[in-house]
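A quick write-up on the structure given underneath.
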Amino acid sequence: GSKKCYQLENEKLFEEFVDLCKKQTGEHPEVVPFLCNKRQRARPTFLASAELRNVLSRVLSRAQARPTKLYVYINELCTLLKAHSTKRKVPLTP
Amino acid sequence: DPVNVDDDEDEDDPENRIAKKMLLEEIQANITTD
Numbered sequence: 420g421s422k423k424c425y426q427l428e429n430e431k432l433f434e435e436f437v438d439l440c441k442k443q444t445g446e447h448p449e450v451v452p453f454l455c456n457k458r459q460r461a462r463p464t465f466l467a468s469a470e471l472r473n474v475l476s477r478v479l480s481r482a483q484a485r486p487t488k489l490y491v492y493i494n495e496l497c498t499l500l501k502a503h504s505t506k507r508k509v510p511l512t513p
Numbered sequence: 104d105p106v107n108v109d110d111d112e113d114e115d116d117p118e119n120r121i122a123k124k125m126l127l128e129e130i131q132a133n134i135t136t137d
């Protein structure tokens, strides 16, 4: 179905974006694991959504065209993944 | 004669610098709290 199709496409786009990040964030190796962690915590329905596909394809093409703004696009993607996260931090009870 | 324009003018993009700072701070905060 289209959901499965988006999921596979999103995985492929995410991998491409991560590859680009690996090449350009060498001075901060913690960035890529952080991004992958955010993706792991995102809701499965969001990971298979057209919204994520649109954002991934936009940040990927922009990052390729303007590598000097890579962190802007990483931040944008992290914020979006965080907004669709399954796990939220619960404040500790006193 | 054509002027030689520096292609690295975006090397220190202010928006990118702010985004990088925010991201690294968030990563650091996560490491500290985990």
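Same order as they appear, the protein sequences are chains A and B. Going by our numbering, the first sequence opens with residue 420, and the numbers climb by one from there. Going by our numbering, the second sequence opens with residue 104, and the numbers climb by one from there. From the three backbone atoms N, C-alpha and C, an ideal C-beta is built for every residue, glycine too.
Item	Value
Does DSSP put A:S468 in a helix, in a strand, or in coil?	coil
Which whole-angstrom value is the C-beta distance of B:N119 and A:L489, which I expect to be below 8 Å?	7 Å
Measuring only between beta-carbons, confirm whether B:D113 sits less than 7 Å from chain A.	Note that B:D113 scores a pLDDT of 46, beneath 50, so its modelled location is shaky; the value from the coordinates is reported in the next line. Judged by the 7 Å Cβ criterion, B:D113 is in contact with chain A.
By how many angstroms is the C-alpha of A:P513 removed from the C-alpha of A:L439?	44 Å
B:A132 CB to nearest chain A CB: under 7 Å?	no
Among the candidates A:E430, A:L427, A:K431, A:E435, whose CA atom is the shortest distance from the CA of A:E483?	Glu is not the amino acid found at residue 483 of chain A; the sequence shown has Gln there. For the residues A:E430, A:L427, A:K431, A:E435, the minimum Cα distance to A:Q483 belongs to A:E435.
Mind listing the chain B neighbours of A:L489? Cutoff is C-beta to C-beta under 8 Å, in chain order.	N119
Exposed or buried, which one is A:I493 when buried takes at least 16 other CB atoms within 10 Å?	buried
May I have the straight-line CA-CA distance separating A:L479 from A:V491, to the nearest angstrom?	12 Å
If you draw a straight line from the C-alpha of A:C455 to the C-alpha of A:E446, how long is it?	17 Å
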